[in-house]
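Novice: In this note's numbering, each residue carries its 1-based index in the sequence shown increased by 5.
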Amino acid sequence: MNNIKRHTSFHLILATYCSLAFSPSLAQSQSITSSTDFEESINSLFAFISPGDPGCSLGIIERGKLTYSKSAGLANLDWEIPISTSSIFDVASVSKQFTASAIALLEIDGLLSLDDEVRKWIPEFKDYGAPITIRQLLNHTSGIRDYLSLMNLAGTDFNNVFTEFDAVELIVRQEGLNFPSGDQFLYSNSGYLLAAHIVRRITGKSLRAFLEERVFAPLNMTKTQVWDDSKEIVSKRATGYSLANDDWQIDHLLNFQMGGDGQVLTSIDELVKWDNNFYQPVVGGNSLLQKLHDRGVLNNGDVIDYALGLTVDEYRGLKRVMHTGSWGGFRANITRYPDEHTSFILLCNRFDGTQELRITDVADLVLVDKFTEQNVTGVNLRSDGSPVNQPDQQLTPVSSETPDPQLATLKNYTGEYWSSELGVSFHINLEAEQLKMMRPNGSVTNLEYVKNKQYTGDGLVVYFESSSRMKIDTGRVLGITFIKEGV
6 MNNIKRHTSF HLILATYCSL AFSPSLAQSQ SITSSTDFEE SINSLFAFIS
56 PGDPGCSLGI IERGKLTYSK SAGLANLDWE IPISTSSIFD VASVSKQFTA
106 SAIALLEIDG LLSLDDEVRK WIPEFKDYGA PITIRQLLNH TSGIRDYLSL
156 MNLAGTDFNN VFTEFDAVEL IVRQEGLNFP SGDQFLYSNS GYLLAAHIVR
206 RITGKSLRAF LEERVFAPLN MTKTQVWDDS KEIVSKRATG YSLANDDWQI
256 DHLLNFQMGG DGQVLTSIDE LVKWDNNFYQ PVVGGNSLLQ KLHDRGVLNN
306 GDVIDYALGL TVDEYRGLKR VMHTGSWGGF RANITRYPDE HTSFILLCNR
356 FDGTQELRIT DVADLVLVDK FTEQNVTGVN LRSDGSPVNQ PDQQLTPVSS
406 ETPDPQLATL KNYTGEYWSS ELGVSFHINL EAEQLKMMRP NGSVTNLEYV
456 KNKQYTGDGL VVYFESSSRM KIDTGRVLGI TFIKEGV
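Right under this line is the structure:
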């Protein structure tokens, strides 16, 4: 109820604000972000952050200057340290644009081509019958299974130490793809992890070292880094949080010692410098900018919105370049309206940050007299780093008219199933005519019958191809094969 009231209040303020924004006297006397009405509207957007809670930091950049910022909430609940524009956040998948920049710079250097096959640089990568290029890794059109989804499916504890080399080993172990390369778009963190590994293979340097030398140092981003050492102390770093039973708990995945798909630590103040490189490119010149904005093309000729670490689309008639990020309790969003030379950065250390405080709501305020199309209610951006046009996996609904399988059939499905692709075994047993699947971490999934040997549970789709073979789909991982042991 409070959330509904908050949004209703905001839209009432927005309606009043918009009428004022078109007033010539207001436009001539002060910038939009300095008006009292704007501040009231922003305060309404921040109202979901209560005293003593983790929070968010917002920055608005206009023509190269940070013209407005607001921070609310605590960077660390233990020590009650407030968030500021210098607070260091994990920006999660927003990091992908830095990895893409590293690859693009290597192409500018003449050391690789975006159209090189991945196997040229990672020869142990499997031959799936059709070439997979570096460009397809960065466009999310490679068909390669998402390594984080593979880990989650296997029941891996995300608090364990996990390195770039561990991730590469898991990816190259896969016997199949989600789809033939170039046929579809499906967001996969594996592509960017492999891109970071290609940087290492070519230069002999980690992604962290390469970006520090070629991007962060030239832009004087001295507080920005790829965090690949779980024991390293980071000054002013915020802690990530999520809610559990209405209480805040630490949700900060500390032991992923790698870069590529995420792990860039930075702040609002630092990202202002990065944003300026898109207008006055100190790093990479116009060639880098062109490569980063070059949208992917599918095998059938369709152009997708995803370019290199950036989504390039339109919002309310204006060109928009953006990416979101989600990792542990951190949420991030960088959205740029290049034709208006205006950008928005939102960094949060709470799991609901970018759901409650939407960049589009802030843009509606700042660019109210620039948009050429009406606002569309219900527009939202994903918090997981994937572009807004990525479809969710649709599970087949259970039909009440579909007859349940016979008990004898269910018994045939029980047993221990091994996956060489995940390197784990799943146990299927039958309790009171209910199939249950147990993973190595002890989690149990009730498998509900759908049709034609297909079952669902906990976001998984399980297909029993026979009494000794099953395949599992889950979001960004399709067709993982399990073989019953002892058969």
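Using N, Cα and C, we set each Cβ at its ideal position, and we do this for glycine too.
These numbers were taken from a predicted model, which means no experiment stands behind them.
Based on the DSSP output, what are the partners of E421 in its beta bridges?
Specialist: Position 416 of the sequence shown, counted from the first residue, corresponds to residue 421. According to DSSP, which records beta bridges pairwise, E421 is partnered with H432.
Novice: Going by DSSP, which residues form a beta bridge with D318?
Specialist: Against the sequence shown, residue 318 aligns to sequence position 313. Looking at the DSSP assignment, D318 forms a beta bridge with R325.
Novice: Along the beta strand (DSSP E) that carries Q179, what are the first and last residues, could you check?
Specialist: In the sequence shown, counting from the first residue as 1, residue 179 sits at position 174. No beta strand (DSSP E) holds Q179; DSSP gives it neither H nor E.
Novice: If I follow the unbroken beta strand (DSSP E) through D478, where does it start and stop?
Specialist: Within the sequence shown, residue 478 is the residue found at index 473, counting from 1. Residues R474 to T479.
Novice: Whole angstroms is fine: what's the gap from Q141's alpha carbon to D120's?
Specialist: As a first step, residue 141 is located in the sequence shown; it is residue number 136 there, counting from the start. As a first step, residue 120 is located in the sequence shown; it is residue number 115 there, counting from the start. Distance between the alpha carbons of Q141 and D120: 8 angstroms.
Novice: Could you give the residue range of the beta strand (DSSP E) that holds V367?
Specialist: The sequence position of residue 367 within the sequence shown is 362, counting from 1. Counting along the chain, V367 falls outside any beta strand (DSSP E), though it belongs to the alpha helix (DSSP H) covering I364 to V371.
Novice: Which of the three DSSP states, helix, strand or coil, is assigned to P343?
Specialist: Locating residue 343 in the sequence shown gives position 338, counting from the first residue. Correct three-state label for P343: helix.
Novice: Locate the beta strand (DSSP E) running through E67, then write down its first and last residues.
Specialist: The residue you call residue 67 lines up with position 62 of the sequence shown. E67 -> beta strand (DSSP E) spans C61 to E67.
Novice: Compare the Cα-Cα distances from N282 to each of N338, E421, S348 and W253 and report the closest residue.
Specialist: The count along the sequence shown starts at 1 and reaches residue 282 at position 277. Out of N338, E421, S348 and W253, S348 has the C-alpha closest to the C-alpha of N282.
Novice: What is the residue span of the alpha helix (DSSP H) that G290 lies within?
Specialist: In the sequence shown, residue 290 corresponds to position 285, counting from 1. G290 -> alpha helix (DSSP H) spans G290 to L297.
Novice: From what residue to what residue does the beta strand (DSSP E) around D252 run?
Specialist: Taking the first residue of the sequence shown as 1, we reach residue 252 at position 247. Here the beta strand (DSSP E) through D252 covers D252 to I255.
Novice: CA-CA distance, L483 and I477?
Specialist: What you label residue 483 is simply residue 478 of the sequence shown in a count that begins at 1. What you label residue 477 is simply residue 472 of the sequence shown in a count that begins at 1. When rounded, the distance between both Cα atoms is 7 angstroms.
Novice: Could you please give the first and the last residue of the uninterrupted beta strand (DSSP E) stretch that includes K70?
Specialist: Along the sequence shown, read from residue 1 onward, the residue named residue 70 stands at position 65. K70 to A77 is the span of the beta strand (DSSP E), which, as asked, contains K70.
Novice: Considering V455, what are the terminal residues of the beta strand (DSSP E) in which it resides?
Specialist: As a first step, residue 455 is located in the sequence shown; it is residue number 450 there, counting from the start. Counting along the chain, the beta strand (DSSP E) containing V455 begins and ends at V449 to K456.
Novice: Keeping to the same chain, check which residues put their C-beta closer than 6 angstroms to that of Q179; ignore five residues upstream and five downstream.
Specialist: Translated into positions along the sequence shown, residue 179 becomes position 174. Result list for Q179: R150 and E426, in chain order.
Novice: Can you list, in chain order, the residues of its chain with a C-beta nearer than 6 angstroms to that of F190? Leave out the 5 residues immediately preceding and following it.
Specialist: Residue 190 sits at position 185 when you count from the first residue of the sequence shown. Here the set comprises H145, T146 and I309.
Novice: Count the CB pairs spanning the segment 297 to 309 and the segment 268 to 275 that are closer than 8 angstroms, and state whether there are at least three.
Specialist: These segments do not touch.
Novice: Could you name the residues that DSSP lists as bridge partners for Y460?
Specialist: What you label residue 460 is simply residue 455 of the sequence shown in a count that begins at 1. For Y460, which the question treats as bridged, DSSP gives the partners Y454 and V467.
Novice: Where does R206 sit, in a helix, a strand or coil, going by DSSP?
Specialist: Translated into positions along the sequence shown, residue 206 becomes position 201. Here R206 sits in helix by DSSP.
Novice: Among V288, F356 and I203, whose alpha-carbon lies nearest the alpha-carbon of L116?
Specialist: Sequence index remark: in the sequence shown, residue 116 carries index 111 (1-based). Selected option, being the one with the closest Cα: I203.
Novice: Among A201, A109 and K375, which has the Cα closest to the Cα of I37?
Specialist: Within the sequence shown, numbered from 1, the residue matching residue 37 stands at position 32. I37 has its Cα closest to that of K375, out of A201, A109 and K375.
Novice: Quick check: the Cα distance between A159 and L143, rounded to an integer number of angstroms?
Specialist: Reading the sequence shown from its first residue, position 154 is the one you call residue 159. Reading the sequence shown from its first residue, position 138 is the one you call residue 143. Computed Cα separation, rounded: 25 angstroms.
Novice: What does the alpha-carbon distance come out to for the pair N291 and S118?
Specialist: Stepping through the sequence shown from its first residue, residue 291 is reached at position 286. Stepping through the sequence shown from its first residue, residue 118 is reached at position 113. Roughly 17 angstroms separates the two Cα atoms.
Novice: Who does V269 pair with in a DSSP beta bridge?
Specialist: Taking the sequence shown and counting its residues from 1, one reaches residue 269 at position 264. V231, per the DSSP bridge assignment.
Novice: Tell me, which residues are paired with L351 by DSSP?
Specialist: Counted from its first residue, the sequence shown places residue 351 at position 346. Paired residues: L63 and N338.
Novice: If you draw a straight line from the C-alpha of D234 to the C-alpha of D58, how long is it?
Specialist: Position 229 of the sequence shown, counted from the first residue, corresponds to residue 234. Position 53 of the sequence shown, counted from the first residue, corresponds to residue 58. Their Cα atoms are separated by approximately 28 angstroms.
Novice: Measuring CB to CB, does L212 end up less than 8 angstroms from G264?
Specialist: Position 207 of the sequence shown holds residue 212. Position 259 of the sequence shown holds residue 264. Yes, the Cβ-Cβ distance between L212 and G264 is below 8 angstroms.
Novice: Do G334 and N354 have their CB atoms nearer than 8 angstroms?
Specialist: In the sequence shown, counting from the first residue as 1, residue 334 sits at position 329. In the sequence shown, counting from the first residue as 1, residue 354 sits at position 349. Yes, they are a contact pair.
Novice: For the beta strand (DSSP E) that S247 lies in, which residues bound it at each end?
Specialist: Position 242 of the sequence shown holds residue 247. From DSSP, the beta strand (DSSP E) with S247 extends over Y246 to A249.
Novice: What's the call for R481, buried or exposed, on a 16-neighbour Cβ count within 10 Å?
Specialist: In the sequence shown, counting from the first residue as 1, residue 481 sits at position 476. R481 is buried by the Cβ-count criterion.
Novice: Considering only their Cβ atoms, is the gap separating E470 from T461 smaller than 8 angstroms?
Specialist: Locating residue 461 in the sequence shown gives position 456, where the first residue counts as 1. Locating residue 470 in the sequence shown gives position 465, where the first residue counts as 1. For T461 and E470, no; Cβs fall outside 8 angstroms.
Novice: Can you pull the DSSP bridge partners for K489?
Specialist: Here residue 489 refers to the residue found at position 484 when the sequence shown is read from its first residue. DSSP lists Y422 as partners of K489.
Novice: Out of K458, I433, K456 and A437, which one is the CA nearest neighbour of S448?
Specialist: On the sequence shown, position 443 is the one that residue 448 refers to. Taking only the C-alpha atoms, the option nearest S448 is I433.
Novice: What's the C-alpha gap between G510 and H328?
Specialist: Nothing in the structure corresponds to residue 510, since the chain is present only between 6 and 492.
Novice: Quick check: what's the CA-CA separation for L415 versus W253?
Specialist: In the sequence shown, residue 415 corresponds to position 410, counting from 1. In the sequence shown, residue 253 corresponds to position 248, counting from 1. If you take the alpha carbons of L415 and W253, they lie about 42 angstroms apart.
Novice: Report yes if the CB atom of L199 is closer than 8 angstroms to the CB atom of L175, and no otherwise.
Specialist: Stepping through the sequence shown from its first residue, residue 199 is reached at position 194. Stepping through the sequence shown from its first residue, residue 175 is reached at position 170. Taking 8 angstroms as the Cβ cut-off, L199 and L175 do not qualify as a contacting pair.
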